[in-house]
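Everything in the sequence shown is counted per our numbering, starting at 71 for the first residue and increasing by one.
Beta carbons are placed, not taken as given, at the ideal position from N, Cα and C, and that holds for glycine.
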Amino acid sequence: MSAGYNLGPVEQVPFGEGRAFGVDGEQVAVFRLRDGSLRALSAVCPHKGGPIADGTIDQSVVMCPLHQNAFKLDTGCSTTGAEPLTSYDVQMDNQRNIILWTAAR
Ligand code: FES
Numbered sequence: 071m072s073a074g075y076n077l078g079p080v081e082q083v084p085f086g087e088g089r090a091f092g093v094d095g096e097q098v099a100v101f102r103l104r105d106g107s108l109r110a111l112s113a114v115c116p117h118k119g120g121p122i123a124d125g126t127i128d129q130s131v132v133m134c135p136l137h138q139n140a141f142k143l144d145t146g147c148s149t150t151g152a153e154p155l156t157s158y159d160v161q162m163d164n165q166r167n168i169i170l171w172t173a174a175r
């Protein structure tokens, strides 16, 4: 059974950026798209451990800041041939808190 974790106010994550959170022993990168929607992926790049939360994003992909591998924000699949990131379900609750589920999709 999966558990939802309250990561606190969504305002911690600026529009168009990501932030890393430690959740249940895992590092998770939460992104806030420019349309306000949230996405969550594992925060450590499978290529050489780059900080995915510091990557640049558009509406569909995040690019790792170290060697520019790109990963789909919805699925974690790489568009540049790297191993995939894990994707997580994430949403905002009525109090504008980030709620994340750690069970992988
Ligand atoms: S560490 Fe992410 S692309 Fe190399």
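- For Pro-79, the uninterrupted beta strand (DSSP E) run begins and ends at 74-79, by DSSP.
- Residue list for the ligand FES: Cys-115, His-117, Lys-118, Gly-119, Gly-120, Cys-134, Leu-136, His-137, Gln-138, Asn-139 and Ala-152 (CB closer than 7 Å to any heavy atom, chain order).
- In this structure, the straight-line span from the alpha carbon of Tyr-75 to that of Ala-99 is close to 14 Å.
- According to DSSP, residue pairing for Gly-120 in a beta bridge does not occur.
- Residue environment analysis places Ser-148 among the buried positions, since at least 16 neighbouring C-beta atoms fall within 10 angstroms of its C-beta.
- With contacts defined as CB atoms closer than 9 Å, Cys-115 and Leu-170 fail to qualify as a contacting pair.
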